[in-house]
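Engineer:
Here it is, written out as structure tokens:
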């Protein structure tokens, strides 16, 4: 039963997209299709009904949030925000356009005697609000795939719908070079982080570099996680216990020097990040899927230029996937080690 519930959440948007595509954009027909195949109480049914009613905001819709979490989690290794939440106490989840406080410096407590005033600490608070920003991708599938039923086909569609958004969100979140674009794209959580240059490729060098990162870290070390590219994780794993990587990428919770370690393609190569997730506020992601069989799509081609794809003429299904998401980090939430070339990689000419 638990697996059936998990499948319904993971595959809800895929099943909705199939129904709308096969119904050629007729949401009433899509609703009837979903009711016949998945039931009137299913998540795909509620997603289509929401579009029919045209009521409310997608970013405040509990069904859309649940289905979005499922869709982005279909490929867990590419879902950086999901990886962080699973490995730690979690990112601070907030609503869009809602004011919230981030604590910029630590508050202190004190033992208080009877009738004695409570001391007030100098813990600094800053007021924030996250606008609705979005990242979009397009997914194309042959009509035959949409007509193939079952969990395997649903999973293939779901992965296609989530892949582009997962990749772009991860890159924007982790890349120190991403300073953001006001009103369009959030800056990475490492954009203003302390950056330390790697001192060398040996185990001793890397151990010293990580110790320097810990010293410069202003977040909660008990909540902290490491972020790295899979290639760097492999190189660290080859060095093993010499840098505290004996338990790195061995299954279950991966660890580096005792802290949870996450490998994701969105993290730049040769870069190691120490992050306090509890110092990062995130609104979303919430997904909106809009399938079509009759659009004309301008496609960029390698080497420059573009060409047009007519969905009606060529007979594929196109789906626009929009992820609404935004984030902000408290100063000192991350430390970056740059130019990391472990000896295991150097020996192989990496």
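Residue numbers (UniProt numbering): 1 to 350. Where is the CB? At the ideal position from N, CA and C, for every residue including glycine. Note that this is a predicted model, so its numbers are computed, not measured.
Are the beta-carbon atoms belonging to residue 333 and residue 219 less than 7 Å from one another?
Structural biologist: Yes, they are a contact pair.
Engineer: Does DSSP put residue 207 in a helix, a strand or coil?
Structural biologist: Residue 207: helix per DSSP, three-state reduction.
Engineer: I need the DSSP call for residue 190, collapsed to helix, strand or coil.
Structural biologist: Three-state DSSP puts residue 190 in coil, outside helix and strand.
Engineer: Under 7 Å between the Cβ atoms of residue 209 and residue 201?
Structural biologist: Going by C-beta atoms, residue 209 is not nearer than 7 Å to residue 201.
Engineer: Give the secondary structure of residue 299 by DSSP, where H, G and I count as helix, E and B as strand, and everything else as coil.
Structural biologist: Residue state, collapsed to three classes: strand.
Engineer: Within its chain, find whatever has a CB closer than 7 Å to the CB of residue 244; leave out the 5 residues flanking it on each side and keep chain order.
Structural biologist: Once the five neighbours on either side are set aside, the close Cβ partners of residue 244 are 256, 257, 258.
Engineer: Ordered along the chain, which non-local residues of its own chain (more than five positions away) have a Cβ less than 8 Å from that of residue 306?
Structural biologist: Excluding sequence neighbours, residue 306 sits near 298, 299, 300.
Engineer: Beta strand (DSSP E) containing residue 78: first to last residue?
Structural biologist: Here residue 78 belongs to no beta strand (DSSP E), and DSSP marks it neither H nor E.
Engineer: Between the stretch 40 to 55 and the stretch 78 to 85, do three or more beta carbon pairs fall short of 8 Å?
Structural biologist: Verdict: no, contact absent.
Engineer: Would residue 131 be called buried (16 or more neighbouring beta carbons within 10 Å of its own) or exposed?
Structural biologist: Label assigned to residue 131: exposed.
Engineer: Please classify residue 377: does DSSP put it in a helix, a strand, or coil?
Structural biologist: Within the shown structure, residues of the chain are numbered from 1 to 350, placing residue 377 beyond reach of any answer.
Engineer: How many Å lie between residue 3 and residue 117 at the Cα?
Structural biologist: Residue confidence for residue 3 is low, a pLDDT of 44 falling below 50, so the modelled location carries little weight and cannot support an answer.
Engineer: Would you please state the rounded distance, in angstroms, between the beta carbons of residue 126 and residue 101? I believe it to be under 8 Å.
Structural biologist: At roughly 7 Å, the Cβ-Cβ gap stays under 8 Å, so residue 126 and residue 101 are in contact.
Engineer: Closest by CA to residue 12, which one among 136, 289, 282?
Structural biologist: It is 289.
Engineer: Tell me where the beta strand (DSSP E) around residue 293 begins and ends.
Structural biologist: That residue, residue 293, is in no beta strand (DSSP E); it is neither H nor E in DSSP.
Engineer: Helix, strand or coil, according to DSSP, for residue 238 in the structure here?
Structural biologist: Helix at residue 238.
Engineer: Cβ atoms of residue 136 and residue 273: under 7 Å apart, would you say?
Structural biologist: Against a cut-off of 7 Å, the Cβ pair of residue 136 and residue 273 comes out as no contact.
Engineer: Per DSSP, what kind of secondary structure is residue 359 in: helix, strand or coil?
Structural biologist: Because the chain is modelled from 1 through 350, residue 359 falls outside the range shown and cannot be assessed.
Engineer: Alpha carbon to alpha carbon, how far is residue 150 from residue 38? Give it in angstroms, no decimals.
Structural biologist: Distance between the alpha carbons of residue 38 and residue 150: 11 Å.
Engineer: Would the stretch 136 to 148 count as touching the stretch 234 to 241 if we require 3 or more Cβ pairs under 8 Å?
Structural biologist: With the cut-off at 8 Å, the stretch 136 to 148 and the stretch 234 to 241 do not touch.
Engineer: Give every residue of the same chain whose Cβ lies closer than 7 Å to the Cβ of residue 172, excluding the five residues on either side of it in the sequence, and list them in chain order.
Structural biologist: Here the set comprises 178, 185, 186, 188.
Engineer: Please tell me whether residue 84 and residue 331 are closer than 7 Å, where the distance is taken between their beta carbons.
Structural biologist: Going by C-beta atoms, residue 84 is not nearer than 7 Å to residue 331.
Engineer: Cutting at 7 Å between CB atoms, please list the residues of its own chain near residue 5, excluding the five before and the five after it.
Structural biologist: With a pLDDT of 46 at residue 5, under the threshold of 50, the modelled position of this residue cannot be trusted; read the value that follows with caution. Excluding sequence neighbours, residue 5 sits near nothing in its chain.
Engineer: Assuming residue 283 and residue 95 form a contact by the criterion Cβ under 8 Å, report the distance between their Cβ atoms to the nearest whole angstrom.
Structural biologist: The pair is a contact, with the Cβ atoms about 6 Å apart (cut-off 8 Å).
Engineer: Mind checking which residues open and close the alpha helix (DSSP H) that includes residue 151?
Structural biologist: Run containing residue 151: 151 to 174, per the alpha helix (DSSP H) assignment.
Engineer: Ignore the nearest five residues each way along the sequence and tell me which others in residue 65's own chain have a CB closer than 7 Å to its CB.
Structural biologist: Here the set comprises 286.
Engineer: Buried or exposed for residue 15, going by 16 or more other Cβ atoms inside 10 Å?
Structural biologist: Buried, since its Cβ has 16 or more Cβ neighbours within 10 Å.
Engineer: Out of 264, 141, 158, state which residue places its alpha-carbon closest to the alpha-carbon of residue 8.
Structural biologist: For the residues 264, 141, 158, the minimum Cα distance to residue 8 belongs to 158.
Engineer: Can you tell which of 265, 267, 324, 228 has its C-alpha closest to the C-alpha of residue 248?
Structural biologist: For the residues 265, 267, 324, 228, the minimum Cα distance to residue 248 belongs to 228.
Engineer: With a threshold of 16 other CB atoms inside 10 Å of the CB of residue 351, please say whether the residue is buried or exposed.
Structural biologist: The chain is shown only over 1 to 350; residue 351 falls outside these bounds and no answer can be derived.
Engineer: Taking residue 93 as part of the beta strand (DSSP E), name the residues at either end of that continuous run.
Structural biologist: It spans 92 to 94 - the beta strand (DSSP E) in which residue 93 sits, taken as one unbroken run.
Engineer: Residue 214 and residue 87: beta carbons closer than 7 Å?
Structural biologist: It is not a contact, given that the beta carbons lie outside the stated cut-off.
Engineer: Kindly indicate which residue of 320, 17, 268 has the alpha-carbon position closest to the one of residue 155.
Structural biologist: Considering only alpha carbons, the answer is 17.
Engineer: Figure out for me which residue from 207, 264, 275 has the closest Cα to the Cα of residue 168.
Structural biologist: For the residues 207, 264, 275, the minimum Cα distance to residue 168 belongs to 264.
Engineer: Could you tell me which of 339, 304, 292 sits nearest to residue 146, measuring between CA atoms?
Structural biologist: The shortest Cα separation from residue 146 among 339, 304, 292 belongs to 292.
Engineer: Is it buried or exposed for residue 26, if we count other Cβ within 10 angstroms and need 16 for buried?
Structural biologist: Residue 26 is exposed by the Cβ-count criterion.
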